[in-house]
Amino acid sequence: MSQNLLIVGAGEFADIAYEYFTVDSPYTVVGFAVEKDYLTEDEKFGLPVVALEDSVTRFDPAKTEAHVAITSTQLNRVRERLIKKTQDCGYTLANFISPRAMVWRTAKLGVNVFIFENNVVQHGVQIGDGCVLWSGNHVGHQSVIGDYCFLSSHVVISGYCKIGARCFLGVNSTLADSVTIGADIFVGMAAVINKSFEDAGLILNGHPAEASRVSAYRYFKLKAPT
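Take the position in the sequence shown, starting the count at 1, then add 272; the result is the number in our numbering.
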C-alpha cells in the first residue's frame, strides 16, 4: 500500500528525491515544503510547495511521512536543523534505500537516510540519522557512521571504522581499517586516510592524507559546538 510522502526541500536534491521515491519506493510524493523565508514558488512537478511551518494544516502527519532532501550545505548543518524541525512538526521521517544497493540484513539505519544505487553496506554497519550515501560507496563490516554525514561517491570505508557526526567524505576518498575520525570533518576527494583524526579537521587529498592547519569550522565559517 502506498504511503504519502512530503519532501522537505525544493532544490536539486529535492528534485532527485522526488524521482527516486516515485520510481523506486512504495511512497507517493504529495508535496514539498520549505521554510517560510525561502518559499519562492507554489508548485513543483504539479504538486504544492508550502511553508514548512504551516505544512501540518495541508499534510496531516498522521497520514503523511516526510523526507528532508538537503545536501551538505554548511557542513551538513542545514539538513540537521531541518530534520529536527520536521520532527518537531510531528512527521515520521522516511528512508530511501535504492533496490539497486546492497544493504546487509544486520546493518542498522537511522531515520531520514538516503542510500543511492550501487552502495554496499556490509554486516554490522551502523548508519546514523540524516545520512546521505550518494552512488557507489563501500561501507565495510562493523563500521559506524555518525548522524548527518554525507558520503559523495565511490568512497571506501574499510572495516571497524568510526566516523563522527556531520562529516563530509569526498569522491574516491578511502579510510583504512579501524580508523576513527571525529565530528565535523571535511575529507577532500581522493584522500587516503590511514590514521585517526580529531574533530573539525580539514583533510585534503593526499596519500597519506594530512589535516590542514585551517579547521573545518574556520574554512566553512561555522561556529564550533558549545
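Don't be surprised by glycine CBs; every beta carbon is placed ideally from N, CA and C. Remember, it's a predicted structure, so these values are computed and weren't measured experimentally.
Secondary structure at residue i, three-state DSSP: helix, strand or coil?
| i | result |
| --- | --- |
| Q359 | helix |
| I288 | helix |
| L494 | coil |
| E325 | helix |
| T312 | coil |
| V295 | helix |
| A448 | coil |
| A488 | helix |
Are the CB atoms of residue j and residue i within a distance shorter than 8 Å?
| i | j | result |
| --- | --- | --- |
| R490 | N348 | no |
| S415 | V427 | no |
| V383 | D401 | yes |
| V280 | A366 | no |
| G454 | G436 | yes |
| L422 | V404 | According to the sequence shown, residue 422 is Phe rather than Leu. Yes, the Cβ-Cβ distance between F422 and V404 is below 8 Å. |
| A463 | G478 | yes |
| A379 | V392 | no |
| F386 | A373 | no |
| I355 | L381 | no |
| K335 | N390 | no |
| F317 | Y290 | yes |
Compare the Cα-Cα distances from residue i to each of the options and report the closest residue.
| i | options | result |
| --- | --- | --- |
| S425 | H410, I435, D419 | H410 |
| D326 | V464, F368, C361, T345 | C361 |
| I429 | N466, D456, Y420, D419 | N466 |
| F469 | C433, T498, L381 | C433 |
| S274 | A286, F293, A289, G412 | F293 |
| V486 | D471, A282, Q359, L311 | D471 |
| V352 | N477, A483, D456 | Just to set this straight, residue 352 is Glu in the shown sequence, not Val. Checked all of N477, A483, D456; the closest Cα to E352 is D456. |
| K493 | T345, R330, D332, F368 | T345 |
| K308 | D287, A282, S370, N390 | A282 |
| A483 | T498, F317, G460 | G460 |
| V397 | N390, G412, G408, W406 | G412 |
| L474 | E313, P497, D449, F440 | F440 |
| L278 | A496, V350, P371, E337 | E337 |
| A298 | H395, E315, S370, P480 | Checking the sequence, you will find Pro at residue 298 rather than Ala. Among H395, E315, S370, P480, the Cα nearest to that of P298 is on S370. |
| F350 | Y420, F368, P480 | Here residue 350 turns out to be Val, not Phe, going by the sequence shown. Selected option, being the one with the closest Cα: Y420. |
| T343 | L476, D314, K357, F285 | F285 |
| E315 | D287, K357, T329, D296 | D287 |
Cβ pair count under 8 Å reaching 3, the region 314–333 against the region 294–303: Of all C-beta pairs linking the region 314–333 to the region 294–303, three or more are shorter than 8 Å, placing the two stretches in contact.
Counting only runs of 3+ residues fully inside the region 335–413, write out the beta strand (DSSP E) ranges in chain order. Here the runs fully enclosed are 336–340.
Please give the ranges of any alpha helix (DSSP H) in the region 425–474, keeping only runs that are unbroken, at least 4 residues long and fully inside the region. Restricted to the region 425–474, not a single alpha helix (DSSP H) segment is unbroken, complete and at least 4 residues in length.
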